[in-house]
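Participant:
Number of protein chains: 2
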Amino acid sequence: MVNSNAARLDSIFHALSDATRRSILRDVAVKDKTVGEVARPYRMSLAAVSKHLNVLESAELIARRRRGSFQIVRLKARNLRPAEQWLAWYDKFWNRQLDALQTYLEGDEHEHNDG
Amino acid sequence: MVNSNAARLDSIFHALSDATRRSILRDVAVKDKTVGEVARPYRMSLAAVSKHLNVLESAELIARRRRGSFQIVRLKARNLRPAEQWLAWYDKFWNRQLDALQTYLEGDEHEHNDG
DNA sequence: GCTACATTCAACCACATGGTTAACAGTAAC
DNA sequence: GTTACTGTTAACCATGTGGTTGAATGTAGC
Numbered sequence: 021m022v023n024s025n026a027a028r029l030d031s032i033f034h035a036l037s038d039a040t041r042r043s044i045l046r047d048v049a050v051k052d053k054t055v056g057e058v059a060r061p062y063r064m065s066l067a068a069v070s071k072h073l074n075v076l077e078s079a080e081l082i083a084r085r086r087r088g089s090f091q092i093v094r095l096k097a098r099n100l101r102p103a104e105q106w107l108a109w110y111d112k113f114w115n116r117q118l119d120a121l122q123t124y125l126e127g128d129e130h131e132h133n134d135g
Numbered sequence: 021m022v023n024s025n026a027a028r029l030d031s032i033f034h035a036l037s038d039a040t041r042r043s044i045l046r047d048v049a050v051k052d053k054t055v056g057e058v059a060r061p062y063r064m065s066l067a068a069v070s071k072h073l074n075v076l077e078s079a080e081l082i083a084r085r086r087r088g089s090f091q092i093v094r095l096k097a098r099n100l101r102p103a104e105q106w107l108a109w110y111d112k113f114w115n116r117q118l119d120a121l122q123t124y125l126e127g128d129e130h131e132h133n134d135g
């Protein structure tokens with residue numbers, strides 16, 4: 021619909037398209053963590069994790085704030101909402117089992133004319 | 021073909037991270053379309069659209085089947101479900117307004133979304 | 001087989017991504 | 001200021017992405 025909305029969805033879905041980043045979101049959802057704490061479970065450099073955090077932050081899915089010499093990573097869960105709302109539009113297509121209907125029509129040689 | 025859950029989510033979210041592909045999903049949700057019909061609204065080559073369809077197909081969000089010399093593109097809406105379920109886990113964080121609570125508790129700065 | 005049409009594949013390009021290591025910068029403690 | 005620690009930035013590399021054009025494939029009909 022709106023273009024800025026599209027760009028927002030681009031960045032959110034892109035941020036979610038990496039398993040490491042999704043895992044990081046889970047980690048910080050439960051409890052705020054420092055960057056070091058976020059990075060520790062992952063077998064990659066701190067710099068790599070920092071870049072993942074940049075991606076998540078530019079999608080506004082996390083925020084970093086400084087506390088002393090640490091940076092605290094916090095989830096901004098509400099900003100997942102546009103993605104969930106976008107997906108919710110498709111509920112009707114599986115809830116009403118149109119997909120199953122089409123699978124049925126496709127599976128046999130039933131050719132329902134598109135017109 | 022998608023193996024693990026994580027890889028499946030990778031491919032789904034990646035497929036959704038492009039506005040053209042999201043738009044294509046909307047287009048074929050309403051009604052099955054040929055590749056040519058899908059491509060017509062977009063200002064890019066048919067080959068480019070075909071590549072977008074490849075991405076959507078490898079995420080199993082669409083299926084193509086041949087009918088005569090045409091290929092019919094059909095939505096496989098149910099396969100959006102893993103993405104929606106992944107996101108649904110975060111509902112509690114905004115529904116219970118823990119996000120706002122944490123912002124309040126942690127923050128001197130009341131940063132409200134400036135967008 | 002030949003022609004026309006629908007779509008994909010191949011080769012190519014510019015740029016983004018995810019990772020590395022090493023250098024740099026902010027903060028605290030001495 | 002120096003040292004130690006936390007985290008980001010820079011430079012680099014291999015691979016992936018989104019687009020192009022043009023050739024190739026598959027199907028229908030003559």
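Residue numbers (the numbering used here), protein chains in the order written: chain R, 21 to 135; chain G, 21 to 135. The beta carbon of each residue, even a glycine, is placed where N, CA and C say it ideally should be.
My output table needs one value for A79(R): the three-state DSSP class, helix, strand or coil.
Facilitator: Of the three classes helix, strand and coil, the one that applies to A79(R) here is coil, per DSSP.
Participant: Between the alpha carbons of R101(G) and W109(R), how many angstroms are there, rounded?
Facilitator: Their backbone Cα atoms lie some 12 Å apart in a straight line.
Participant: Which chain G residues sit within Cβ distance under 8 Å of F90(R)?
Facilitator: Result: empty, since nearest Cβ-Cβ is about 13 Å, beyond 8 Å.
Participant: On a CA-only basis, which of E80(R), G56(R) and K71(R) is nearest F90(R)? Give me that one, please.
Facilitator: With distances taken between Cα atoms, F90(R) lies closest to G56(R).
Participant: When you compare the stretch 26-43 of chain R with the stretch 25-45 of chain G, are there three or more beta-carbon pairs, one atom per stretch, that lie closer than 8 Å?
Facilitator: Yes: the two stretches touch, three or more of their Cβ pairs being nearer than 8 Å.
Participant: In chain R, which residues lie less than 9 Å from A39(G) when you measure between Cβ atoms?
Facilitator: Per Cβ cutoff of 9 Å: N23, A26, A27, L29 and D30.
Participant: Measure the alpha-carbon distance for D47(G) versus K112(G) and round it to whole angstroms.
Facilitator: In a straight line, the C-alpha of D47(G) is about 32 Å away from that of K112(G).
Participant: If the cut is a Cβ gap below 9 Å, which residues of chain R does R60(G) touch?
Facilitator: The contacting residues do not exist; R60(G) stays about 15 Å from chain R at best.
Participant: Grab the span of the alpha helix (DSSP H) containing R101(G) for me, first residue to last.
Facilitator: Here the alpha helix (DSSP H) through R101(G) covers R101 to A108.
Participant: So for R28(R), helix, strand or coil by DSSP?
Facilitator: Helix at R28(R).
Participant: Given that a residue counts as buried once 16 or more other Cβ atoms are within 10 Å of its Cβ, and exposed if not, what is V50(R)?
Facilitator: Under this definition V50(R) is an exposed residue.
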